[in-house]
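Presented below is the structure to which this report refers.
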Amino acid sequence: MYFKKQKLLILFLLLVILEGFAQSELPVKIVDSIKPIKELQNNELQHILETEICSNPKWNSLVVREKMSIGVVDLTRIEDIRYAGLNDDFMMYAASLPKIAILLTAMDAIENGELKDSEEIQNDLRLMISKSNNKASTRMIDRLGYEKIEKVLRGPKNKLYDEEVGGGLWVGKRYAAGGKRYPDPIKGLSHAATTRQVCSFYYQLVMGNLVSTERSKQMLEIMKTPALHHKFVNTLDKIAPEADLYRKSGSWKNYHSDSVLVWGPKRRYIIVALIEDTYGEQIIRDLVIPLEKVLKKSRSEGP
44 MYFKKQKLLI LFLLLVILEG FAQSELPVKI VDSIKPIKEL QNNELQHILE
94 TEICSNPKWN SLVVREKMSI GVVDLTRIED IRYAGLNDDF MMYAASLPKI
144 AILLTAMDAI ENGELKDSEE IQNDLRLMIS KSNNKASTRM IDRLGYEKIE
194 KVLRGPKNKL YDEEVGGGLW VGKRYAAGGK RYPDPIKGLS HAATTRQVCS
244 FYYQLVMGNL VSTERSKQML EIMKTPALHH KFVNTLDKIA PEADLYRKSG
294 SWKNYHSDSV LVWGPKRRYI IVALIEDTYG EQIIRDLVIP LEKVLKKSRS
344 EGP
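44 is the number of the first residue of the sequence shown in my numbering; add one for each residue after it.
And the structure:
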């Protein structure tokens with residue numbers, strides 16, 4: 044009887060270890076369908092986020108004037124994902140951040156045989172995401188077309204652009220001086236985002252819900268280990284050097300944006316910020332530690 048119990052205990056421990064190992068891999072893909080990001084909104088996390096951000100007079104002023112938008116997703120427990128945001132349905136100019144929409148559309152087109160994959164295309168996708176190369180981004184837009192990008196963003200499975208919830212991700216101009224515009228229907232913006240829909244992009248990527256599990260994995264590999272080390276990454280390099288970072292940012296004039304999936308042994312979360320302010324780049328750097336504080340406090344006080 045003693046040895047039988049020991050064997051059962053060992054088997055149980057092995058299953059726990061294997062489950063933990065499986066969930067350390069991305070994408071996670073533990074369910075066939077996932078909830079919309081809005082349904083993951085957590086009241087306690089929302090309250091803590093609002094209290095923390097609005098305790099800073101400068102940040103509070105930006106939030107009140109709709110010059111600052113934030114989204115956070117707590118991935119500490121995959122079975123209990125939590126979301127919160129400020130001005131998260133307010134669409135803002137997002138510069139290069141919406142290049143993630145081009146990446147998604149390219150993967151969808153490759154998956155459906157509308158775009159033939161090649162070394163040249165894969166190189167352009169990496170340049171577009173890792174180094175935010177505008178020429179590579181423009182080449183990808185020209186290959187795909189605005190109508191295809193819009194169709195993918197509006198797709199019923201992912202719903203990354205939807206007028207009923209303030210819009211979302213949008214790409215309506217080449218990242219070049221020439222070419223016609225294809226502005227979004229709500230505000231007429233060329234490169235736009237809401238923090239909620241960017242959070243949704245990353246959340247669905249984590250769950251393997253963008254195009255397919257395999258294509259989600261490909262996108263994660265392209266977004267991993269960014270070449271640019273400013274904004275969120277500047278701070279994360281110092282406080283979380285062991286974590287894997289999947290990231291896309293953007294800046295133009297006073298518009299600054301950043302988005303990152305942080306996946307490490309001590310921290311698992313998504314944070315997104317859109318800011319219209321001269322000092323936006325520095326503000327985004329300064330947000331990381333307070334947002335980590337928000338996430339930790341929510342877990343320590345919650346169930």
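The C-beta atom is built at its ideal place from N, Cα and C for all residues, glycine as well.
Span of the alpha helix (DSSP H) holding residue i?
{"i": "residue 90", "result": "86-97"}
{"i": "residue 324", "result": "323-344"}
{"i": "residue 82", "result": "Counting along the chain, residue 82 falls outside any alpha helix (DSSP H), and DSSP gives it neither H nor E."}
{"i": "residue 178", "result": "177-187"}
According to DSSP, simplified to helix, strand and coil, what is residue i?
{"i": "residue 198", "result": "coil"}
{"i": "residue 149", "result": "helix"}
{"i": "residue 138", "result": "coil"}
{"i": "residue 68", "result": "coil"}
{"i": "residue 311", "result": "strand"}
{"i": "residue 162", "result": "helix"}
{"i": "residue 204", "result": "strand"}
{"i": "residue 109", "result": "coil"}
{"i": "residue 319", "result": "strand"}
{"i": "residue 120", "result": "coil"}
{"i": "residue 76", "result": "coil"}
{"i": "residue 132", "result": "coil"}
{"i": "residue 125", "result": "strand"}
{"i": "residue 170", "result": "helix"}
{"i": "residue 214", "result": "strand"}
Given this structure, state the Cα-to-Cα distance separating residue i from residue j, to the nearest angstrom.
{"i": "residue 254", "j": "residue 320", "result": "35 Å"}
{"i": "residue 336", "j": "residue 260", "result": "29 Å"}
{"i": "residue 161", "j": "residue 179", "result": "14 Å"}
{"i": "residue 245", "j": "residue 328", "result": "20 Å"}
{"i": "residue 214", "j": "residue 118", "result": "28 Å"}
{"i": "residue 341", "j": "residue 265", "result": "31 Å"}
{"i": "residue 208", "j": "residue 258", "result": "26 Å"}
{"i": "residue 135", "j": "residue 237", "result": "6 Å"}
{"i": "residue 156", "j": "residue 141", "result": "23 Å"}
{"i": "residue 218", "j": "residue 181", "result": "5 Å"}
{"i": "residue 235", "j": "residue 80", "result": "19 Å"}
{"i": "residue 152", "j": "residue 247", "result": "18 Å"}
{"i": "residue 172", "j": "residue 150", "result": "13 Å"}
{"i": "residue 311", "j": "residue 305", "result": "5 Å"}
{"i": "residue 131", "j": "residue 113", "result": "6 Å"}
{"i": "residue 106", "j": "residue 294", "result": "19 Å"}
{"i": "residue 98", "j": "residue 111", "result": "14 Å"}
{"i": "residue 278", "j": "residue 200", "result": "34 Å"}
{"i": "residue 262", "j": "residue 309", "result": "23 Å"}
{"i": "residue 362", "j": "residue 273", "result": "Residue 362 lies beyond the stretch modelled for the chain, which goes from 44 to 346, so this question has no answer here."}
{"i": "residue 391", "j": "residue 188", "result": "Nothing can be reported for residue 391, as the shown portion of the chain is limited to 44 through 346."}
{"i": "residue 191", "j": "residue 143", "result": "14 Å"}
{"i": "residue 84", "j": "residue 163", "result": "40 Å"}
{"i": "residue 268", "j": "residue 77", "result": "26 Å"}
{"i": "residue 307", "j": "residue 100", "result": "32 Å"}
{"i": "residue 92", "j": "residue 69", "result": "27 Å"}
{"i": "residue 176", "j": "residue 344", "result": "43 Å"}
{"i": "residue 167", "j": "residue 289", "result": "17 Å"}
{"i": "residue 280", "j": "residue 334", "result": "16 Å"}
{"i": "residue 3", "j": "residue 154", "result": "With the chain covering only 44 through 346, there is no way to say anything about residue 3."}
{"i": "residue 116", "j": "residue 124", "result": "7 Å"}
{"i": "residue 165", "j": "residue 90", "result": "42 Å"}
Return the Cβ separation of residue i and residue j in integer angstroms, given the expectation that the two are a contact with Cβ distance under 8 Å.
{"i": "residue 275", "j": "residue 331", "result": "6 Å"}
{"i": "residue 206", "j": "residue 229", "result": "6 Å"}
{"i": "residue 127", "j": "residue 88", "result": "4 Å"}
{"i": "residue 195", "j": "residue 147", "result": "6 Å"}
{"i": "residue 318", "j": "residue 303", "result": "About 15 Å separates the two Cβ atoms, so there is no contact after all."}
{"i": "residue 222", "j": "residue 216", "result": "7 Å"}
{"i": "residue 316", "j": "residue 300", "result": "7 Å"}
{"i": "residue 186", "j": "residue 203", "result": "Actually they do not touch by this definition, with Cβ atoms about 20 Å apart."}
{"i": "residue 139", "j": "residue 243", "result": "19 Å between Cβ atoms; not a contact."}
Exercise. Of all the beta strand (DSSP E) runs that stay within the bounds of the segment 220-298, which reach a length of 3 or more residues?
Worked result: Listed in chain order, they are 234-236, 287-295.
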